[in-house]
Every structure is written in structure tokens, then in C-alpha cells.
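Participant:
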Amino acid sequence: IEMLKAGYTSVAEFHYVHHDLSGQPYANPAELALRISEAARSTGIGLTLLPVLYSHSGFGGQAPNEGQRRFINSTEQYLTLQQQLKPLLAQQPAQQLGLCFHSLRAVTPEQLNDVLRASDTACPVHI
28 IEMLKAGYTS VAEFHYVHHD LSGQPYANPA ELALRISEAA RSTGIGLTLL PVLYSHSGFG
88 GQAPNEGQRR FINSTEQYLT LQQQLKPLLA QQPAQQLGLC FHSLRAVTPE QLNDVLRASD
148 TACPVHI
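Here is the structure:
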């Protein structure tokens, strides 16, 4: 509501948290994204939801550290999340779904290519 009062009409949400504190996916992997969508709908602000693909702690596919486990998704998990969210956000007139890659160190070039090939790239893309 503060953003609307300040004159903002839309927000891009970089959505990182996909798992519980132990790193396990929630029963519904889209649960937190759906809550973000509902919050935007109920306040009346436009939303570009950008689930973040974050897989590695460093260049070359380095294994993530313990503090990163809530954010980590494989390419397959990320694409499944995108497929689950796309039709749900399409029902919201002021919302859209985009692609987001945390960084070139946290996503391999192969992952970047795989996601882009499997996705509708007529959407916002952030790196």
C-alpha cells in the first residue's frame, strides 16, 4: 500500500525463497509465489513476478552452501515452477510472469540456454 501511496502502479518481485529452512521444497512449490500474487491482487498493484533460478555458489557449477539452500532449484524444478505459475498469473489482468537468473555465477551457461529454449521468451527476462 505504501508503494501505491507513493505513486507506484507496478512492482517487479524477485522471488528467491522456494524451500523451507532445511532446503526441502514446500508441498506446493508455488506456495510463496501464489501468496505474493494474492498480495498484489488484493492491494491493486501490478506485478511482474520473477522467480529466481539460483543453483550454484560460484562459477563452474560450485555446490551451494548451507545458507543458500532455501533458494536452490535445478533447471527442472525451475521450469516446473514456471509452468505451474504461468496459467495462474495469466488469470490476473495486472500480473505477468518473467524469467530471472540470479547471476552468471549461480547459473551455468547450459542452464541459461535450457531455460530460454523451454520458455516463452516474450516476457521480462532478468540476469
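Residue numbers (this note's numbering): 28 to 154.
Ideal Cβ placement from N, Cα and C applies to all residues, glycine included.
From L61 to V79, what does the alpha carbon distance come to, in whole angstroms?
Facilitator: 15 Å
Participant: Shortest alpha-carbon distance to A57 belongs to which of P91, N100, G73, M30?
Facilitator: N100
Participant: In chain order, which alpha helix (DSSP H) runs of at least 4 residues are fully inside the segment 81-135?
Facilitator: Counting only runs of 4 or more, we get 102-117.
Participant: Count the other C-beta atoms from every protein chain shown that fall within 10 angstroms of the C-beta of A90, then say buried if there are 16 or more, exposed otherwise.
Facilitator: exposed
Participant: By a C-beta neighbour count over all protein chains shown, 10 Å radius and 16 as the cutoff for buried, is G87 buried or exposed?
Facilitator: The residue in question, G87, is exposed, as its Cβ has fewer than 16 Cβ neighbours within 10 Å.
Participant: With S69 as the anchor, note down where its alpha helix (DSSP H) starts and where it stops.
Facilitator: Looking at the DSSP string, the run of the alpha helix (DSSP H) that includes S69 is 58-70.
Participant: Taking 8 Å as the threshold (C-beta atoms), are G125 and V152 in contact?
Facilitator: yes
Participant: Anyone know if the C-beta pair for S69 and L116 falls short of 8 Å?
Facilitator: no
Participant: Which term fits F98, buried or exposed, when burial requires 16 or more other beta carbons within 10 angstroms of its beta carbon?
Facilitator: Buried is the call here.
Participant: How many whole angstroms separate the CB atoms of L77 and F41, which I take to be in contact at a CB cut-off of 8 Å?
Facilitator: 5 Å
Participant: Can you tell me which of S37, N140, A54 puts its alpha carbon nearest to the alpha carbon of H45?
Facilitator: A54
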